[in-house]
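Below: one structure, written as structure tokens.
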Amino acid sequence: MAAEIHSRPQTARPVLLNKIEGHSDAVNAAVLIPKEDGVITVSEDRTIRVWLKRDSGQYWPSIYHSVSSPCSCMSYHHDSRRIFIGQDNGAVVVSENRRLVAVLSFSAAHQNRVSAMVFSLESEWVVSTGHDKSVSWMCTQSGSMLGRHYFTSWASCLQYDHETQHAFVGDYSGQITLLKLEKQTYSIITTLKGHEGSIGTLWWDPVQRLLFSGASDHSVIMWDIGGRKGRTLLLQGHHERVQALRYLQFTRQLLSCSADGGIAVWNMDTQREEAPQWLDSDSCQKCEQPFFWNIKQMWDNKTLGLRQHHCRKCGKAVCGKCSSKRSTFPIMGFEFPVRVCDACFDTIKEEDRTPLATFHEGKHNIAHMDMDPSRGLMVTCGSDRIVKIWDVTQVVGSSLATGFSPR
């Protein structure tokens, strides 16, 4: 079972159902097979495996296939029974019917490791990103390359809106680029900036038109794309790089997983506030004492300069003496104590500190996560070569009553 990493009273937590072991290197992706007790995995050990649950309750590899290059990522499309595998050599391989026999290969999809892929049945396109700093889109009907766009940094993750053909690409510089893809051409719509580290994962909700991003700065940001007002919500509760996200439409919950095994469940069905932008100042905006680079005021006042900090609640630039206290403030996404100025600390009531997220420990490195909300199942995998299958119904509730079906 999972254990908590925060000292808060919690009764509901993910329950570990099974562990799958047998890979000789990192497992880069694992997906649950809808309506079956099965898991598909791809690994750095150059294998693709289909694990099915036996009568004993254990998972065994019923199909096993080796390829020429390490498998870096995977996308499984259940309706067409196709598996899309990205490789370390830049190739994208398509297999059908879980036989794991390649029926189509885009050997020149990328010049370096493939980092993410999405298949669109509507357009019969495969969209992929790679460490060659590019996003590519290819046609599975003709087997031809349709287009490619280059970034200034490694493209690390991808989401795609199947209806509008918009692609969201996160990169190692911390930016997210929104592109409109067409046959043989494309246009850049906008660039989203907010993270202070490389983007590790993205999740797009086409219904509410919300984009979620997780990054190496340990934070998650919700971007309200549909609202057209530039609204963003910051969520901070992880202690390591955020590497997997999943938003549940019907329960209005966001699941995020980090490299240290942290699993967070965020309540998004509540009123939240945007964290303020940090203000610039040459002196403390509370006591007016100069910061250490304000030479003139230091000379005039005959005093030493102070180090600059920022209040997470009001955004003002303050000195250490005027921001000596710490507090959680979940309505702004701060689930652990952060620096606030003394004036803001006095305005925070005890009910304002009520958590809006729960935190659990997966007890292994989590590089990838997949969910089947209709069954309340989650699968996680990572560099420790272990795949874990979880029952998360106590944490997120079952979506069976809502008629939810996994996309």
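Residue numbers (numbering that gives the first Met the number 0): 0 to 406.
Note that the Cβ used here is the ideal one computed from N, Cα and C, for glycine as well.
Contacts around residue i, its chain only, beta-carbon distance under 7 Å, and the 5 residues preceding and following it disregarded
i	result
Ser-79	Leu-120
Gly-169	Ser-155, Cys-156, Ile-175, Ile-198, Leu-201 and Ser-212
Val-206	Gln-248
Phe-344	Lys-324 and Ser-326
Ser-215	Gly-196, Ser-197, Gly-199 and Arg-240
Ser-282	Gln-288, Pro-289, Phe-290, Asn-293 and Gln-296
Phe-149	A quick correction: the sequence has Tyr, not Phe, at residue 149. Contacts found: Lys-132 and Ser-133.
Cys-313	Pro-275, Cys-340 and Cys-343
Neighbourhood of residue i by C-beta, 8 Å cutoff - its chain only, sequence neighbours within 5 removed
i	result
Gln-57	Asn-17
His-363	Gly-260, Thr-379, Gly-381, Asp-383, Ile-385 and Lys-387
Leu-303	Phe-291 and Met-297
Thr-327	Phe-333, Glu-334, Phe-335, Pro-336, Val-337, Arg-352 and Pro-354
Gly-402	Since pLDDT at Gly-402 reaches only 38, below the 50 mark, its modelled position is unreliable, and no value is offered.
Thr-392	Gly-375
Start and end residues, beta strand (DSSP E) containing residue i
i	result
Ile-187	184-192
Phe-333	333-339
Cys-313	Where Cys-313 is concerned, there is no enclosing beta strand (DSSP E), given that its DSSP letter is neither H nor E.
Glu-195	Taken as a continuous stretch (DSSP letters only), Glu-195 belongs to no beta strand (DSSP E), as it is neither H nor E.
Ala-101	101-105
Phe-167	165-170
Glu-360	356-360
Asp-160	154-160
Val-30	26-31
Ile-330	Unbroken run through Ile-330: none, as it is neither H nor E.
Trp-265	261-266
Trp-222	218-223
Phe-211	209-214
Leu-278	Premise fails: Leu-278 is in no beta strand (DSSP E) and is neither H nor E.
Ala-243	241-247
Val-38	37-42
Thr-231	231-235
Counted within 10 angstroms of its Cβ, other Cβ atoms place residue i as buried (16 or more) or exposed
i	result
Val-378	buried
Val-394	buried
Phe-333	buried
Leu-278	exposed
Pro-336	exposed
His-64	buried
Asp-131	buried
Gln-276	exposed
Ile-409	What the structure shows of the chain is the stretch from 0 to 406, and residue 409 is not part of that stretch, so it cannot be assessed.
Lys-315	buried
Gln-140	exposed
Lys-301	exposed
His-308	buried
Val-102	exposed
His-238	exposed
Val-100	exposed
Gly-98	According to the sequence displayed, residue 98 carries Arg and not Gly. Classification for Arg-98: exposed.
Arg-81	buried
Ala-29	buried
Ala-90	buried
Thr-190	exposed
Ala-107	exposed
Residue range of the alpha helix (DSSP H) that includes residue i
i	result
Trp-298	294-300
Val-93	Run containing Val-93: none in the alpha helix (DSSP H); it sits in the beta strand (DSSP E), 91-95.
Val-395	392-395
Short CB-CB distance (under 8 Å) between residue i and chain B
i	result
Lys-132	Chain labels in this structure do not include chain B; a single protein chain is all it has.
Residues bridged to residue i (per DSSP)
i	result
Phe-291	According to DSSP, which records beta bridges pairwise, Phe-291 is partnered with nothing at all.
Pro-60	Trp-50
Lys-18	Lys-387
His-367	Cys-380
Gly-85	Cys-72 and Val-91
His-308	Val-317
Phe-118	Val-125
Lys-179	His-165 and Ser-186
Met-137	Val-125 and Met-144
Ala-258	According to DSSP, which records beta bridges pairwise, Ala-258 is partnered with nothing at all.
Cut-off 6 Å between Cβ atoms - residues of its own chain near residue i, not counting five sequence neighbours on either side
i	result
Lys-192	Gln-174
Trp-59	Arg-53
Lys-182	Leu-145
Leu-178	Ala-166, Tyr-185 and Ile-187
Arg-251	Met-267 and Asp-268
Lys-320	none
His-194	Gly-173, Ala-214 and Asp-216
Ala-25	Glu-43 and Ser-382
Ser-280	Ala-316
Met-368	Ala-243, Cys-256 and Thr-379
Pro-329	Pro-354 and Leu-355
Do the segment 269-276 and the segment 285-302 touch if we need at least three Cβ pairs shorter than 8 Å? no
Could you say if the segment 252-264 and the segment 297-312 meet the contact criterion of at least three C-beta pairs nearer than 8 Å? Segments in contact, no.
Report yes or no: do the segment 80-92 and the segment 107-124 share at least 3 C-beta pairs separated by less than 8 Å? yes
Take every Cβ of the segment 45-57, pair it with every Cβ of the segment 68-77, and state whether three or more of those distances are shorter than 8 Å. Verdict: yes, contact present.
Would you say the segment 242-252 touches the segment 227-234, given that touching needs at least three Cβ pairs under 8 Å? no
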